[in-house]
Amino acid sequence: LQGAVVISMDPEIKDLAAGDVLIEGSTIKAVGRDLSAAAGDGQAVRIEMGGMILIPGLVDGHRHCWQNQFRRLIVDADLPSYMATTHGGIALHYRPEDMYAGDLVTMLGAIDSGVTSILDFSHNTRTPAHSDAVFKAYGEAGIRAVHASAPPNAGAWAEHWPEDLTRLRDRFTSALTSVRLAIDFRRPRPASELIKFAREQGLSITFDGVLGPASSREMEELGRDGLLGPDVTVIHATDMADVVWQHFKDAAIGVTLAPTSDEQIGLSGGTPPIQKALDFGIRPSLSVDVEISLATDMFSQMRCVLATQRMQSAALRYRGETPPTWVTNRDVLEFATIQGARHIGLGQKVGSLAPGKEADIVAIRAEDVNNLPLNNAIGTVVQGADTKNVDIVWIAGELKKWRGTILGVDLDRVRSLAEQSRDYLAAKCGWELDVFGLQRRPETQYDEVHGYLEQRQKA
C-alpha cells in the first residue's frame, strides 16, 4: 500500500505523512516511508493510496449482535423499555436462524463502518444450536469475532451454559474467532464460581457492569477476594465506588465504555465513567452496545467520549474548580483501536499497524467532500469521517470492502433474511411495526425481566 497518510497507533512507528505498508499473507511485513525496495522482488501487488488515511481496524469492545434485525426500532427507549422489548419480548422467541440473521447483519455493518474486530456479547444463546448459528455468521462475514456467551435473561433455555463454552472453544477457535465467558444478570451459579470455571478452562471473562451500585458492590467483593485480574474486562462500569476503581487498577483489568448507551438509554447515572477511568490510570476501550436503539459505528463512540469529557472539564472550570486535562482526538482513536484490542484479548495480534501484527487495516478517503482539504489526519478520522468515507477494509490481509463496497455479499439475500426474521419475531410478540418503529406492544411480557432487574438492583 503506497503513499498513504499512516496513523499507526504504534509508539515506535508513530505517524507518517506519506508512508507505505507491506502486507504478506495475513500479516503486516513492514511499515515505513518508502518500501519500494522491500517490495521490489516483483511479487507485490502495488496499490496506490494517495488521498487515503490508513488506520488500524477499529475494535468494538461489546455489542449485543443477535438483536440487530431490529436496528433503531426503539431509539427513545430507557433501560426498562429496552429490557421489556428485547429480553422480555423478542428474545423469548428466537430460533437459531434468528440468531444467525441478527449476527450476520451486525457483522457486515461493522465491517462496512471500519470495525474489523468485535466482542459479541451473546446473551440469548438458548441452546447449543443458537451458539453454533452465530459462529456461522462470523465465518460468512469474515470478521474477527470474540464470542462472549451468557445465558438469556428471561424465558426457557437448555441450561447448557457455562459447560458448553468448552465445546465452542474446541470446535470454533480459529485465526479469526475465539471464545470468552460473559457474566450478565442471570447466572446459574455465583460470579466467583464462574470466574474459577473460566480460568480452569483457559477462558477470559467479560462482566456487564450496568447496574450501578449493585454492580459496584459485587465488584468490590470480587476485588476484596482477589478474583479480579488482567483476564477480566468490565463493560459500562457506571457509578462504581472509588474502592472498586482501585481494585480495577490493582488487578490491571480492562474497562470498556459504552458512551452512547449510557447517555441515551440512561444507564445508572447516565454518564460514562471516562474521567474516573483516567483518574485511576486506566485507558478504556469503547463499544456500541445495542443497535436496536443506537448507531452502528465507532465514530459516534469516539465523538461522544470526546464531547462528554470536555463538557465535564469545562463545567468544572466554569465553576472555578480545577478541571482535568482534555482527552484528545488521538486519545479516543487509541481507545477505539489498540485499547479495544487489548481488552478483548487481541492486543498482541491487532490494534496497531506494526510489523508482525495481523493485517487488519482500514483506508479512509480524505478527499471526499466532507473531509477535504486534509489539514489534520487524526482530526479527520475522529471528527470528520463516517461510514461512507471507509473506502477499503482488510481483515487478516483479506479484502472485505473495496472502493466503498462490501465484497462477496449478496445484500438482497441478507436483507431478506433480516426482514423475514424480524417479521416472524414481531408476529410472535404480537407487535405492530411500520417504518416509524414499534406502534403497539402488549405489556404482559415485561413483568419477568423488569421484576428481575428490580430484584438485582435491590440485592
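Following our numbering, the numbering of the sequence shown begins with 147 at its first residue and continues without gaps. Where a beta carbon is used, it is the ideal one built from N, C-alpha and C, also for glycine. The model shown is predicted, which means the values in this text are computed figures rather than measured ones.
On the premise that Ala300 lies in contact with Leu250, defined as a C-beta separation below 8 Å, what is that separation, rounded to the nearest angstrom?
-> Not a contact, Cβ separation roughly 24 Å.
Stretch-stretch touch, CB-based, cutoff 8 Å, three pairs: the region 205–221 with the region 421–438 | Note that the region 205–221 touches the region 421–438; at least 3 beta-carbon pairs, one per stretch, sit closer than 8 Å.
Give every residue of the same chain whose Cβ lies closer than 6 Å to the Cβ of Ser324, excluding the five residues on either side of it in the sequence, and list them in chain order.
-> Non-local beta-carbon contacts of Ser324 in its own chain, meaning distances under 6 Å to residues more than five positions away in sequence, involve Val292 in chain order.
Between which two residues does the alpha helix (DSSP H) carrying Ala572 extend?
-> Per DSSP, Ala572 belongs to the alpha helix (DSSP H) from Leu557 to Cys575.
For Ile289, which three-state DSSP category applies?
-> Here Ile289 sits in coil by DSSP.
Which stretch, first to last residue, makes up the alpha helix (DSSP H) that contains Ala453?
-> Per DSSP, the continuous alpha helix (DSSP H) segment holding Ala453 begins and ends at Met444 to Tyr464.
Straight-line Cα distance separating Ser362 from Ala328 = Distance from the CA of Ala328 to the CA of Ser362, rounded to the nearest whole angstrom, comes to 17 Å.
Excluding the 5 residues preceding and the 5 following Tyr592 in the sequence, name in chain order all residues of the same chain whose CB lies nearer than 7 Å to its CB.
-> Because Tyr592 carries a pLDDT of 47, less than 50, the predicted location of this residue cannot be relied on, and no value is offered for it.
Limits of the unbroken alpha helix (DSSP H) element including Ala337 = Residues Ala337 to Glu346.
Which ranges does the alpha helix (DSSP H) cover as unbroken runs of at least 4 residues, wholly within the region 237–272, from first to last along the chain?
-> Taking 4 residues as the shortest admissible run, the region 237–272 contains the following complete alpha helix (DSSP H) segments, listed from N- to C-terminal end: 242–258.
Can you give the beta carbon distance from Lys574 to His239, rounded, assuming they're within the 8 Å contact cut?
-> The C-beta distance from Lys574 to His239 rounds to 4 Å, short enough to meet the 8 Å contact threshold.
Could you name the residues of the same chain whose beta carbon sits closer than 8 Å to that of Val378, not counting the 5 residues immediately before and after it, in chain order?
-> If we look at Val378 and ignore the five residues flanking it on each side, its Cβ neighbours are Ile341, Ser350, Ile351, Thr352, Phe353, Ala397, Ile399 and Gly400.
Within the same chain, show all residues whose beta-carbon is closer than 8 Å to that of Val496, passing over the 5 residues directly before and after it, in chain order.
-> The answer, listed in chain order, is Pro202, Gly203, Val205, Thr262, Ser263, Arg290, Ala487, Lys503, Glu504 and Asp506.
Between the region 149–167 and the region 176–193, do three or more beta carbon pairs fall short of 8 Å?
-> Yes, the region 149–167 is in contact with the region 176–193.
Option nearest Pro308 by Cα separation, candidates Thr273, Pro430, Asp477 and Asp580 | If you compare the alpha carbons of Thr273, Pro430, Asp477 and Asp580 with that of Pro308, the shortest gap goes to Thr273.
Straight-line CA distance for Met195 to Arg332?
-> Their Cα atoms are separated by approximately 49 Å.
Compare the Cα-Cα distances from Ala337 to each of Gly583, Asp371 and Arg561 and report the closest residue.
-> Closest by alpha carbon: Asp371.
The beta strand (DSSP E) spanning Ile174 covers which residue range?
-> Thr173 to Gly178 is the extent of the beta strand (DSSP E) around Ile174.
Contiguous beta strand (DSSP E) assignments of at least 3 residues, all confined to the region 464–515 | Those beta strand (DSSP E) runs which fall completely within the region 464–515 and span 3+ residues are 507–511.
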